[in-house]
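**Q** I have a structure here, written as structure tokens, and I will follow up with some questions on it.
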Ligand SMILES: Cc1cc2nc3c(=O)[nH]c(=O)nc-3n(C[C@H](O)[C@H](O)[C@H](O)COP(=O)(O)OP(=O)(O)OC[C@H]3O[C@@H](n4cnc5c(N)ncnc54)[C@H](O)[C@@H]3O)c2cc1C
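In our numbering, the protein residues as written are 2 to 414.
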């Protein structure tokens, strides 16, 4: 059967937070826009209530602030996205971790004027903040960031999809870009299961699942996997609305109270070799140790009822910074991927600038550091190649550690 040929100004591949924001900004510029996503959106459980600020990569504080303004605009419109100031608490259990918290605090104060955050060492005060009768004996101090924003991820995606349709864009769920047609330096067609899309501009917003298309296009933007484990539980004693996190050198444990009465305990092992896998299998050992780690901080969790357990994927870049901009290797390909674990808040700002870049060819100098070709250029100031190579050690170790059940690449899912 011959496939339909669809012509648009811009096609955005990937309809999650980055893709939807980008498409919306492009549609508002009177472009004919089509978004294609391989899942039926809202079906995947990978994302949960999102905290917009607290885990921000320190290199991006300034940009994050500009992005936050966009989220706050939405809050002012009184939209039902549960955007709220929840605050977050980060714990330290030893001297080294205390030093880390102090560094974060210093950087927050340096970059974010009037950002309300402080460190408390008084255990009684920590208990009061948590409304907890008990906290773990090992807890030495906590960094309190009062102004962290939180929002409901699914509600946000729903809102963006509605806005897209209102602005005349098309959205295709459950379809996938499986191949490309190439001529010289141009992508002349995107082949999906149903159609062939001809687009003047193509935006790659494929997040954690970008590897297949990058390989097909022979673009060496290094992305390695990190698996997150999520444990859903209910507890007779509800935690307060803060987001609690505890960082080790391998990863981060997060506890979030959800609005539906359930709670999430998330372990994201960005530096953890055992988690550097595209597999979505649950590793029971990881689940057990995550629960034990959090019980060290909040003994109340010992009595929690576990309801569900699942995993999600993250794509990690060697310098933990996204790939954003036009790649010089194709005339019509723009990239907005690699948002690692904590850059949800950047999405609207990146999208707005992507739309400007496509529509008016205006570059934002703030975003030049995210050049998607940075690991492919020899003359780049920072030795990105060395960074990328050091990441390959993880891949080598991973091979040694990975067990027989694990799948080699995302396309196997
Ligand atoms: C458990 C967990 C908790 C997190 N918590 C936070 C948090 O508190 N704060 C924060 O800032 N960030 C958080 N993050 C990170 C945040 O979710 C990501 O930074 C963000 O989702 C990246 O968005 P994205 O649009 O780039 O990619 P994704 O959300 O990965 O979406 C990419 C989309 O592209 C689609 N796609 C891929 N390939 C194709 C193809 N070939 N054809 C069609 N469609 C395709 C996929 O189906 C997917 O819908 C968390 C992540 C996880 C997993």
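Even glycine gets a Cβ: it sits at the ideal position worked out from N, Cα and C. Given the structure is predicted, the values throughout are model-derived calculations rather than measurements.
Where does residue 129 sit, in a helix, a strand or coil, going by DSSP?
**A** Taking the first residue of the chain shown as 1, we reach residue 129 at position 128. Of the three classes helix, strand and coil, the one that applies to residue 129 here is helix, per DSSP.
**Q** Name, in chain order, the residues that DSSP records as bridge partners for residue 304.
**A** One-based indexing of the chain shown puts residue 304 at position 303. Bridge partners of residue 304: none, in fact.
**Q** Compare the Cα-Cα distances from residue 318 to each of 274, 340, 130 and report the closest residue.
**A** Stepping through the chain shown from its first residue, residue 318 is reached at position 317. Considering only alpha carbons, the answer is 340.
**Q** With a floor of 3 residues, list each beta strand (DSSP E) that falls wholly inside the stretch 311–383, ordered by position along the chain.
**A** Correct list: 324–327, 334–338.
**Q** Given 8 angstroms as the limit, tell me if residue 71 has its C-beta closer than that to any heavy atom belonging to ligand 1.
**A** Here residue 71 corresponds to residue number 70 of the chain shown, with the count starting at 1. No - ligand 1 has no heavy atom lying nearer than 8 angstroms to the Cβ of residue 71.
**Q** Hey, residue 377 and residue 204: beta-carbon distance below 9 angstroms or not?
**A** As a first step, residue 377 must be located in the chain shown, where it is residue number 376. As a first step, residue 204 must be located in the chain shown, where it is residue number 203. Taking 9 angstroms as the Cβ cut-off, residue 377 and residue 204 do not qualify as a contacting pair.
**Q** Under the three-state reduction of DSSP, which class applies to residue 193: helix, strand or coil?
**A** Taking the chain shown and counting its residues from 1, the one referred to as residue 193 is at position 192. Here residue 193 sits in strand by DSSP.
**Q** So for residue 279, helix, strand or coil by DSSP?
**A** Here residue 279 refers to the residue found at position 278 of the chain shown. Coil.
**Q** With respect to the beta strand (DSSP E) encompassing residue 230, which residues constitute its N-terminal and C-terminal limits?
**A** Taking the first residue of the chain shown as position 1, residue 230 is located at position 229. Start and end: 225–235.
**Q** Which one of 101, 277, 282, 73 has the shortest CA to CA distance from residue 393?
**A** Numbered from 1 along the chain shown, position 392 holds the residue referred to as residue 393. The option with the nearest alpha carbon to residue 393 is 277.
**Q** Work out the CA separation of residue 153 and residue 85 for me, nearest whole Å.
**A** Reading the chain shown from its first residue, position 84 is the one you call residue 85. Reading the chain shown from its first residue, position 152 is the one you call residue 153. About 9 angstroms.
**Q** With burial defined as no fewer than 16 other Cβ atoms inside 10 Å of the residue's Cβ, what is the status of residue 119: buried or exposed?
**A** As a working mapping, residue 119 is identified with position 118 in the chain shown. Burial call: exposed.
**Q** How close, in whole Å, do the beta carbons of residue 295 and residue 234 come, if the pair is a contact with beta carbons under 8 angstroms?
**A** Taking the first residue of the chain shown as position 1, residue 295 is located at position 294. Taking the first residue of the chain shown as position 1, residue 234 is located at position 233. Contact flag wrong, Cβ pair sits at about 10 angstroms.
**Q** Given the structure, does residue 222 come close to ligand 1, in the sense that its CB is under 8 angstroms from one of the ligand's heavy atoms?
**A** For the purposes of this step, residue 222 is taken as the residue at position 221 of the chain shown. Not so, every heavy atom of ligand 1 lies at least 8 angstroms from the Cβ.
**Q** Would you say residue 415 and residue 325 are within 9 angstroms of each other, going by their C-beta atoms?
**A** Missing from the structure shown is residue 415; the chain here goes from 2 to 414 and no further.
**Q** Any chance the CB of residue 302 is under 8 angstroms from a heavy atom of ligand 1?
**A** Position 301 of the chain shown holds residue 302. No; taking the cut-off as 8 angstroms, the Cβ of residue 302 has no heavy atom of ligand 1 nearer than that.
**Q** Quick check: what's the CA-CA separation for residue 115 versus residue 63?
**A** The residue given as residue 115 occupies position 114 in the chain shown. The residue given as residue 63 occupies position 62 in the chain shown. Answer to the nearest angstrom: the Cα atoms are 13 angstroms apart.
**Q** May I ask you to report which of helix, strand or coil DSSP gives residue 160?
**A** Start at 1 with the first residue of the chain shown, and residue 160 comes out as number 159. Reduced to three states, the DSSP call for residue 160 is helix.
**Q** For residue 1, which three-state DSSP category applies?
**A** One cannot answer for residue 1 here, as it falls past the ends of the chain, which runs 2 to 414.
**Q** Secondary structure at residue 253, three-state DSSP: helix, strand or coil?
**A** Residue mapping note: residue 253 aligns to position 252 of the chain shown, counting from 1. In this structure, residue 253 counts as strand in the three-state DSSP scheme.
**Q** Considering only C-alpha positions, which residue in the set 157, 240, 272 is nearest to residue 320?
**A** Counting from one through the chain shown, the residue named residue 320 turns up at place 319. For residue 320, the nearest C-alpha among the options comes from 272.
**Q** From which residue to which residue does the alpha helix (DSSP H) around residue 27 run?
**A** Position 26 of the chain shown, counting from 1, holds the residue named residue 27. From DSSP, the alpha helix (DSSP H) with residue 27 extends over 18–29.
**Q** Could you please give the first and the last residue of the uninterrupted alpha helix (DSSP H) stretch that includes residue 265?
**A** Along the chain shown, read from residue 1 onward, the residue named residue 265 stands at position 264. Element bounds for residue 265: not the alpha helix (DSSP H) but the beta strand (DSSP E), 264–269.
**Q** Report, in whole angstroms, the separation of the C-beta atoms of residue 101 and residue 156, which I expect to be a contact under 8 angstroms.
**A** Translated into positions along the chain shown, residue 101 becomes position 100. Translated into positions along the chain shown, residue 156 becomes position 155. Contact flag wrong, Cβ pair sits at about 33 angstroms.
**Q** With contact counted as at least three CB pairs below 8 angstroms, one residue from each stretch, are the stretch 170–186 and the stretch 116–135 in contact?
**A** Contact between the stretch 170–186 and the stretch 116–135 is absent, because fewer than three Cβ pairs lie under 8 angstroms.
**Q** Can you tell which of 24, 19, 18 has its C-alpha closest to the C-alpha of residue 10?
**A** Looking up residue 10 in the chain shown gives position 9. When only C-alpha atoms are compared, the closest one is 24.
**Q** Only counting the same chain, and skipping five residues up and downstream in sequence, which positions put a Cβ closer than 7 angstroms to that of residue 211?
**A** Position 210 of the chain shown, counted from the first residue, corresponds to residue 211. Answer for residue 211: 205, 224, 316, 338, listed in chain order.
**Q** Give me the residue from 4, 143, 270, 312 with the minimum Cα distance to residue 232.
**A** Counting from 1 along the chain shown, the entry for residue 232 is found at position 231. Checked all of 4, 143, 270, 312; the closest Cα to residue 232 is 312.
**Q** Identify which residue in 158, 150, 256, 8 has its Cα closest to the Cα of residue 32.
**A** Here residue 32 refers to the residue found at position 31 when the chain shown is read from its first residue. The option with the nearest alpha carbon to residue 32 is 8.
**Q** Looking only at DSSP bridge pairs, what is residue 62 linked to?
**A** Here residue 62 refers to the residue found at position 61 when the chain shown is read from its first residue. Note: residue 62 sits in no beta bridge, so no partner.
**Q** Between the stretch 245–254 and the stretch 285–302, are three or more C-beta pairs nearer than 8 angstroms?
**A** Result yes; three or more Cβ-Cβ pairs closer than 8 angstroms.
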